[in-house]
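Reading through the C-alpha coordinates given below for one structure.
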Amino acid sequence: MNKIISLVTLLLVFILTSCGSKYKLELHSPKTIQVNKLLRINVTDKNGNSIDSIQYFLNGKRLDSPKSVDINNYVLGKQAISAIAYFQGEQKELNNTIYFLAANPPIVYSYKIINEYPHDSKAFTQGFEYHNGFLYESTGQRGKSTLRKVELKTGKVLQKINIDKKYFAEGMTIFNNKIYQLTWQGNVGFVYNLESFELEKTFNYNKSKEGWGLTHDNKRLIKTDGTERIWFLNPETLKEESFIEAYTNSRKAEKLNELEFIEGKIYANLWQQNSILIVNPKNGAIEGIVNLKGLQSKVGKEGNDKVLNGIAYDAENNRLFVTGKEWNKVFEIELVKK
(Lines of atoms letter the chains of each structure in order from A and count residues from 1; the text may use other names and numbers.)
(Lines give C-alpha, C1' and ligand atoms only; values in the text may rest on other atoms or scores of the structure.)
Protein backbone atom coordinates (compact mmCIF):
# COMPACT_ATOMS: atom_id res chain seq x y z
CA MET A 1 0.00 0.00 0.00
CA ASN A 2 2.83 2.43 0.91
CA LYS A 3 4.41 1.78 -2.48
CA ILE A 4 1.17 2.64 -4.23
CA ILE A 5 0.78 5.86 -2.22
CA SER A 6 4.37 6.83 -3.02
CA LEU A 7 3.82 6.21 -6.72
CA VAL A 8 0.65 8.30 -6.79
CA THR A 9 2.48 11.10 -4.92
CA LEU A 10 5.30 11.08 -7.45
CA LEU A 11 2.85 11.25 -10.35
CA LEU A 12 1.04 14.22 -8.80
CA VAL A 13 4.31 16.05 -8.23
CA PHE A 14 5.32 15.41 -11.86
CA ILE A 15 2.01 16.69 -13.23
CA LEU A 16 2.00 19.80 -11.03
CA THR A 17 5.58 20.73 -11.85
CA SER A 18 5.55 19.90 -15.55
CA CYS A 19 5.35 22.49 -18.31
CA GLY A 20 1.95 21.10 -19.23
CA SER A 21 0.43 22.37 -15.98
CA LYS A 22 2.32 25.65 -15.91
CA TYR A 23 1.64 26.55 -19.53
CA LYS A 24 -1.84 26.41 -21.06
CA LEU A 25 -1.26 27.56 -24.60
CA GLU A 26 -3.98 28.56 -27.03
CA LEU A 27 -3.72 29.22 -30.77
CA HIS A 28 -6.12 31.98 -31.79
CA SER A 29 -7.44 32.22 -35.35
CA PRO A 30 -10.88 32.82 -36.88
CA LYS A 31 -12.95 29.82 -37.97
CA THR A 32 -13.80 31.50 -41.28
CA ILE A 33 -12.49 34.55 -43.09
CA GLN A 34 -13.10 36.24 -46.44
CA VAL A 35 -9.94 36.37 -48.53
CA ASN A 36 -10.07 40.15 -48.98
CA LYS A 37 -9.41 40.54 -45.24
CA LEU A 38 -6.10 40.24 -43.43
CA LEU A 39 -5.64 37.07 -41.41
CA ARG A 40 -4.40 37.56 -37.86
CA ILE A 41 -3.26 34.69 -35.64
CA ASN A 42 -1.47 34.51 -32.31
CA VAL A 43 -0.64 32.23 -29.39
CA THR A 44 -1.30 33.11 -25.75
CA ASP A 45 -0.86 31.36 -22.42
CA LYS A 46 -3.94 31.29 -20.17
CA ASN A 47 -1.74 31.32 -17.07
CA GLY A 48 0.05 34.49 -18.17
CA ASN A 49 3.48 32.91 -18.60
CA SER A 50 5.86 34.39 -21.10
CA ILE A 51 6.71 32.49 -24.27
CA ASP A 52 10.25 32.70 -25.60
CA SER A 53 9.39 32.55 -29.31
CA ILE A 54 6.71 31.34 -31.72
CA GLN A 55 6.80 30.15 -35.31
CA TYR A 56 3.56 30.30 -37.34
CA PHE A 57 2.61 28.24 -40.40
CA LEU A 58 -0.18 28.28 -42.99
CA ASN A 59 -0.56 24.93 -44.76
CA GLY A 60 2.94 24.03 -43.65
CA LYS A 61 4.56 27.21 -45.00
CA ARG A 62 6.14 29.50 -42.40
CA LEU A 63 4.61 32.95 -42.04
CA ASP A 64 6.86 35.96 -41.61
CA SER A 65 4.15 38.29 -40.30
CA PRO A 66 1.34 36.35 -38.57
CA LYS A 67 -0.38 39.51 -37.33
CA SER A 68 -1.36 40.58 -40.87
CA VAL A 69 -1.34 37.80 -43.45
CA ASP A 70 -2.51 38.69 -46.96
CA ILE A 71 -4.59 35.70 -48.11
CA ASN A 72 -6.14 37.25 -51.21
CA ASN A 73 -4.29 34.89 -53.58
CA TYR A 74 -5.09 31.66 -51.75
CA VAL A 75 -7.61 29.08 -52.93
CA LEU A 76 -10.80 28.92 -50.91
CA GLY A 77 -11.85 26.25 -48.46
CA LYS A 78 -10.17 24.31 -45.70
CA GLN A 79 -6.72 25.48 -44.54
CA ALA A 80 -4.35 24.35 -41.79
CA ILE A 81 -3.01 26.87 -39.26
CA SER A 82 -0.21 25.74 -36.94
CA ALA A 83 2.26 27.23 -34.49
CA ILE A 84 5.31 26.00 -32.59
CA ALA A 85 5.83 27.73 -29.24
CA TYR A 86 9.20 27.63 -27.46
CA PHE A 87 9.44 28.12 -23.69
CA GLN A 88 11.90 27.11 -20.92
CA GLY A 89 13.77 24.75 -23.20
CA GLU A 90 10.54 23.04 -24.28
CA GLN A 91 8.36 23.35 -27.36
CA LYS A 92 4.72 22.63 -28.19
CA GLU A 93 2.90 22.45 -31.51
CA LEU A 94 -0.64 23.83 -31.79
CA ASN A 95 -3.05 23.29 -34.70
CA ASN A 96 -6.27 24.94 -35.93
CA THR A 97 -8.45 24.63 -39.01
CA ILE A 98 -9.71 27.69 -40.84
CA TYR A 99 -11.92 28.13 -43.93
CA PHE A 100 -11.21 30.80 -46.53
CA LEU A 101 -14.34 32.31 -48.10
CA ALA A 102 -14.97 34.37 -51.24
CA ALA A 103 -14.45 38.09 -50.97
CA ASN A 104 -17.84 39.05 -52.40
CA PRO A 105 -21.36 37.61 -52.54
CA PRO A 106 -22.30 35.96 -55.86
CA ILE A 107 -24.24 37.84 -58.52
CA VAL A 108 -27.73 36.39 -59.03
CA TYR A 109 -28.98 35.72 -62.56
CA SER A 110 -32.32 34.78 -64.05
CA TYR A 111 -32.74 33.81 -67.71
CA LYS A 112 -34.40 34.56 -71.01
CA ILE A 113 -35.43 31.73 -73.36
CA ILE A 114 -34.07 32.30 -76.87
CA ASN A 115 -35.06 29.00 -78.53
CA GLU A 116 -36.54 25.62 -77.69
CA TYR A 117 -35.54 22.33 -79.32
CA PRO A 118 -36.92 18.79 -78.96
CA HIS A 119 -35.13 16.32 -76.69
CA ASP A 120 -35.55 12.60 -75.98
CA SER A 121 -37.85 12.47 -72.94
CA LYS A 122 -36.36 9.10 -71.95
CA ALA A 123 -32.80 10.42 -71.82
CA PHE A 124 -31.61 10.62 -68.20
CA THR A 125 -29.11 13.37 -69.01
CA GLN A 126 -25.83 13.27 -67.05
CA GLY A 127 -23.40 14.91 -69.45
CA PHE A 128 -24.05 17.44 -72.22
CA GLU A 129 -21.77 19.09 -74.78
CA TYR A 130 -21.99 21.07 -78.03
CA HIS A 131 -19.37 20.26 -80.67
CA ASN A 132 -19.19 21.19 -84.37
CA GLY A 133 -22.92 21.77 -84.71
CA PHE A 134 -24.12 18.72 -82.78
CA LEU A 135 -25.01 17.89 -79.20
CA TYR A 136 -23.25 15.01 -77.49
CA GLU A 137 -24.88 13.46 -74.48
CA SER A 138 -24.15 10.95 -71.75
CA THR A 139 -27.25 9.39 -70.19
CA GLY A 140 -27.38 7.52 -66.92
CA GLN A 141 -29.03 4.77 -64.89
CA ARG A 142 -27.72 1.23 -64.70
CA GLY A 143 -28.81 -0.85 -67.63
CA LYS A 144 -29.89 2.27 -69.56
CA SER A 145 -26.70 4.33 -69.79
CA THR A 146 -25.64 5.53 -73.24
CA LEU A 147 -23.34 7.82 -75.16
CA ARG A 148 -25.01 9.58 -78.05
CA LYS A 149 -24.70 12.20 -80.78
CA VAL A 150 -27.82 14.31 -81.30
CA GLU A 151 -29.07 16.68 -83.97
CA LEU A 152 -29.83 20.00 -82.28
CA LYS A 153 -32.85 21.20 -84.27
CA THR A 154 -34.73 17.89 -84.39
CA GLY A 155 -33.50 16.06 -81.29
CA LYS A 156 -32.82 13.04 -83.48
CA VAL A 157 -30.26 10.59 -82.10
CA LEU A 158 -27.75 10.16 -84.92
CA GLN A 159 -25.31 7.84 -83.18
CA LYS A 160 -25.48 5.85 -79.95
CA ILE A 161 -23.73 3.15 -77.97
CA ASN A 162 -24.96 1.41 -74.85
CA ILE A 163 -22.75 1.35 -71.77
CA ASP A 164 -22.16 -1.90 -69.89
CA LYS A 165 -25.19 -2.40 -67.65
CA LYS A 166 -23.05 -2.57 -64.52
CA TYR A 167 -22.15 1.11 -64.94
CA PHE A 168 -24.15 4.28 -64.27
CA ALA A 169 -22.82 6.78 -66.83
CA GLU A 170 -22.21 10.37 -65.73
CA GLY A 171 -20.50 13.46 -67.11
CA MET A 172 -18.76 13.66 -70.48
CA THR A 173 -16.69 16.10 -72.49
CA ILE A 174 -14.88 16.31 -75.84
CA PHE A 175 -11.19 17.20 -75.65
CA ASN A 176 -8.44 16.83 -78.28
CA ASN A 177 -10.89 14.99 -80.56
CA LYS A 178 -11.61 12.34 -77.95
CA ILE A 179 -14.77 11.76 -75.92
CA TYR A 180 -14.25 11.34 -72.19
CA GLN A 181 -17.06 9.84 -70.12
CA LEU A 182 -17.33 9.18 -66.38
CA THR A 183 -19.18 6.54 -64.42
CA TRP A 184 -20.77 7.31 -61.09
CA GLN A 185 -19.52 4.76 -58.55
CA GLY A 186 -17.66 2.49 -60.94
CA ASN A 187 -14.35 4.32 -60.30
CA VAL A 188 -13.64 4.20 -64.03
CA GLY A 189 -13.80 6.60 -66.95
CA PHE A 190 -13.86 5.86 -70.69
CA VAL A 191 -12.06 7.43 -73.64
CA TYR A 192 -13.71 7.03 -77.05
CA ASN A 193 -12.89 7.81 -80.65
CA LEU A 194 -14.91 10.91 -81.51
CA GLU A 195 -16.08 9.68 -84.90
CA SER A 196 -16.74 5.98 -84.30
CA PHE A 197 -17.50 5.96 -80.54
CA GLU A 198 -15.03 3.07 -80.34
CA LEU A 199 -13.66 2.61 -76.82
CA GLU A 200 -9.91 3.33 -76.88
CA LYS A 201 -8.96 3.14 -73.20
CA THR A 202 -10.16 3.45 -69.63
CA PHE A 203 -8.85 5.32 -66.59
CA ASN A 204 -9.42 5.11 -62.85
CA TYR A 205 -10.10 7.77 -60.25
CA ASN A 206 -7.34 7.98 -57.68
CA LYS A 207 -8.12 10.86 -55.35
CA SER A 208 -11.65 11.95 -56.18
CA LYS A 209 -14.47 9.93 -54.64
CA GLU A 210 -16.87 9.40 -57.53
CA GLY A 211 -17.58 10.49 -61.11
CA TRP A 212 -20.19 13.25 -61.53
CA GLY A 213 -19.47 16.11 -63.97
CA LEU A 214 -16.76 16.57 -66.59
CA THR A 215 -15.48 19.42 -68.78
CA HIS A 216 -12.13 20.96 -69.81
CA ASP A 217 -10.38 24.32 -70.12
CA ASN A 218 -8.38 23.42 -73.27
CA LYS A 219 -5.49 22.42 -71.00
CA ARG A 220 -6.87 20.04 -68.38
CA LEU A 221 -9.91 17.91 -67.76
CA ILE A 222 -12.11 19.26 -64.97
CA LYS A 223 -14.13 16.86 -62.83
CA THR A 224 -16.61 16.88 -59.94
CA ASP A 225 -17.12 14.04 -57.47
CA GLY A 226 -20.32 15.04 -55.66
CA THR A 227 -18.62 17.16 -53.01
CA GLU A 228 -17.58 20.82 -53.00
CA ARG A 229 -14.36 19.88 -54.80
CA ILE A 230 -13.56 20.49 -58.47
CA TRP A 231 -10.62 18.39 -59.66
CA PHE A 232 -8.10 19.14 -62.42
CA LEU A 233 -6.82 16.11 -64.32
CA ASN A 234 -3.64 15.77 -66.33
CA PRO A 235 -4.77 15.23 -69.96
CA GLU A 236 -2.01 12.69 -70.61
CA THR A 237 -2.08 10.56 -67.45
CA LEU A 238 -5.70 11.39 -66.46
CA LYS A 239 -4.55 11.64 -62.84
CA GLU A 240 -6.07 14.20 -60.45
CA GLU A 241 -3.31 16.75 -59.92
CA SER A 242 -5.08 19.44 -57.91
CA PHE A 243 -8.47 20.72 -56.83
CA ILE A 244 -10.36 23.81 -55.74
CA GLU A 245 -13.34 24.00 -53.38
CA ALA A 246 -16.44 26.01 -54.27
CA TYR A 247 -17.36 28.67 -51.68
CA THR A 248 -19.43 31.82 -51.54
CA ASN A 249 -18.60 34.61 -49.12
CA SER A 250 -20.45 32.67 -46.39
CA ARG A 251 -20.55 28.92 -47.10
CA LYS A 252 -19.44 26.04 -49.30
CA ALA A 253 -21.51 24.51 -52.09
CA GLU A 254 -21.64 20.71 -52.04
CA LYS A 255 -22.93 18.16 -54.58
CA LEU A 256 -21.54 19.92 -57.62
CA ASN A 257 -22.65 17.98 -60.67
CA GLU A 258 -22.66 18.54 -64.47
CA LEU A 259 -20.05 20.98 -65.74
CA GLU A 260 -19.25 23.32 -68.63
CA PHE A 261 -16.31 25.69 -69.08
CA ILE A 262 -17.54 29.00 -70.47
CA GLU A 263 -15.40 32.08 -71.13
CA GLY A 264 -12.89 31.31 -68.42
CA LYS A 265 -15.37 30.23 -65.74
CA ILE A 266 -16.66 26.85 -64.58
CA TYR A 267 -20.43 26.47 -64.79
CA ALA A 268 -21.66 23.77 -62.41
CA ASN A 269 -25.18 22.67 -61.70
CA LEU A 270 -26.18 21.47 -58.23
CA TRP A 271 -27.53 17.97 -57.76
CA GLN A 272 -31.33 17.93 -57.44
CA GLN A 273 -31.57 21.68 -57.95
CA ASN A 274 -32.50 23.82 -60.95
CA SER A 275 -29.59 26.18 -60.59
CA ILE A 276 -26.11 26.75 -61.97
CA LEU A 277 -23.10 28.11 -60.11
CA ILE A 278 -20.46 30.20 -61.87
CA VAL A 279 -17.12 29.33 -60.29
CA ASN A 280 -13.73 31.00 -60.59
CA PRO A 281 -11.31 28.20 -61.57
CA LYS A 282 -8.36 29.90 -59.89
CA ASN A 283 -9.63 29.91 -56.32
CA GLY A 284 -13.10 28.31 -56.20
CA ALA A 285 -15.04 31.52 -55.55
CA ILE A 286 -18.70 31.26 -56.55
CA GLU A 287 -19.14 34.46 -58.52
CA GLY A 288 -22.66 33.86 -59.81
CA ILE A 289 -25.81 31.84 -59.17
CA VAL A 290 -28.26 31.23 -62.03
CA ASN A 291 -31.86 30.50 -61.00
CA LEU A 292 -33.51 28.23 -63.60
CA LYS A 293 -36.44 26.94 -61.55
CA GLY A 294 -39.08 27.87 -64.12
CA LEU A 295 -37.73 25.51 -66.79
CA GLN A 296 -38.70 22.26 -65.07
CA SER A 297 -42.37 23.16 -65.06
CA LYS A 298 -42.20 24.00 -68.78
CA VAL A 299 -41.34 20.37 -69.56
CA GLY A 300 -44.00 19.01 -67.23
CA LYS A 301 -41.60 17.26 -64.86
CA GLU A 302 -41.78 17.08 -61.09
CA GLY A 303 -39.44 15.78 -58.39
CA ASN A 304 -35.78 16.14 -57.50
CA ASP A 305 -34.76 13.34 -59.85
CA LYS A 306 -36.07 15.19 -62.92
CA VAL A 307 -34.22 18.47 -62.52
CA LEU A 308 -31.76 20.40 -64.66
CA ASN A 309 -28.64 18.38 -65.44
CA GLY A 310 -27.19 19.47 -68.75
CA ILE A 311 -25.11 22.51 -69.74
CA ALA A 312 -23.66 22.92 -73.24
CA TYR A 313 -22.02 25.96 -74.84
CA ASP A 314 -21.51 26.95 -78.46
CA ALA A 315 -18.45 29.18 -78.13
CA GLU A 316 -18.40 30.23 -81.78
CA ASN A 317 -21.94 31.63 -81.68
CA ASN A 318 -22.11 32.39 -77.96
CA ARG A 319 -25.11 30.13 -77.35
CA LEU A 320 -25.90 28.47 -74.03
CA PHE A 321 -28.03 25.31 -73.99
CA VAL A 322 -29.53 23.56 -70.97
CA THR A 323 -31.67 20.49 -70.47
CA GLY A 324 -32.54 18.06 -67.69
CA LYS A 325 -33.15 14.46 -66.73
CA GLU A 326 -35.90 13.11 -69.01
CA TRP A 327 -36.81 16.57 -70.26
CA ASN A 328 -38.51 16.74 -73.65
CA LYS A 329 -36.83 20.02 -74.54
CA VAL A 330 -33.45 21.65 -74.84
CA PHE A 331 -33.54 25.36 -74.04
CA GLU A 332 -31.23 27.95 -75.53
CA ILE A 333 -31.08 30.66 -72.89
CA GLU A 334 -29.52 34.01 -72.20
CA LEU A 335 -28.50 34.90 -68.65
CA VAL A 336 -30.03 38.06 -67.20
CA LYS A 337 -28.40 39.74 -64.23
CA LYS A 338 -30.87 40.57 -61.48
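Residue numbers (the numbering used here): 255 to 592. Glycine included, each C-beta is placed from N, C-alpha and C at the ideal position.
The beta carbons of Phe585 and Leu549 sit closer together than 9 Å. Spatial neighbours of Arg396 in its own chain (CB-CB distance under 8 Å, excluding positions within 5 residues in sequence) are listed in chain order as Lys419, Lys420, Tyr421 and Phe422. A straight-line Cα-Cα distance of about 7 Å links Asn558 and Gln527. Segment contact: the stretch 375-384 against the stretch 561-577, three or more CB-CB distances shorter than 8 Å; contact assigned. Burial state of Arg483 is buried, judged by a 10 Å Cβ sphere holding 16 or more other Cβ atoms. Annotation: Glu588 to Lys506 spans about 26 Å, alpha carbon to alpha carbon. The alpha carbon of Ser462 has as its nearest neighbour, out of Gly440, Tyr277, Ile433 and Val411, the alpha carbon of Gly440. Leu293 is positioned such that its CB atom lies closer than 9 Å to that of Ile352. Beta-bridge annotation (DSSP): Glu514 is paired with Tyr521.
DSSP places Leu401 in the uninterrupted beta strand (DSSP E) bounded by Thr400 to Glu405. Per DSSP, Gln333 lies in no alpha helix (DSSP H); the unbroken beta strand (DSSP E) holding it starts and ends at Gly331 to Phe341. Here Ile361 is not near Leu348, since their CB atoms are 9 Å or more apart. Across the set Gly518, Gly465 and Asn534, the C-alpha of Gly465 shows the shortest separation from the C-alpha of Lys509. Under DSSP, Ser392 takes part in a beta bridge, and its partners are Gly381 and Leu401. Tyr521 and Tyr340 have their C-alpha atoms spaced approximately 48 Å apart. A distance below 7 Å between beta-carbons, with the five flanking residues on each side excluded, links Ser364 to the following residues of its chain, in chain order: Asn545, Val590 and Lys592. Excluding sequence positions up to five before and after Glu580, its CB lies within less than 7 Å of the CB of Ser375, Lys376, Ala377, Phe378, Lys555 and Lys560, all in the same chain and listed in chain order. With a contact defined as Cβ atoms closer than 8 Å, Asn326 and Asn303 miss out at about 35 Å.
With a contact defined as Cβ atoms closer than 8 Å, Leu355 and Gln333 miss out at about 11 Å. Counting C-beta atoms within 10 angstroms of its own C-beta, Ser551 has fewer than 16 neighbours from the protein chains shown and is therefore classed as exposed. For Gln309, the uninterrupted beta strand (DSSP E) segment begins and ends at Ser307 to Leu312. In the DSSP annotation of this structure, the continuous segment of the alpha helix (DSSP H) that includes Ser551 starts and ends at Lys547 to Lys552.
Under the criterion of beta carbons closer than 8 Å, Leu448 and Lys473 do not qualify as touching, at roughly 19 Å. Its Cα nearest to that of Ile540, the residue Gln288 stands out among Lys278, Glu280, Gln288 and Tyr277. Asp559 sits in a helix when the DSSP states are folded into three classes.
Shown here, Lys366 sits in a strand according to DSSP, grouped into three states. The beta carbons of Pro489 and Phe444 sit no closer together than 9 Å. Burial of Pro320 is indicated by the presence of at least 16 other C-beta atoms within 10 angstroms of its C-beta.
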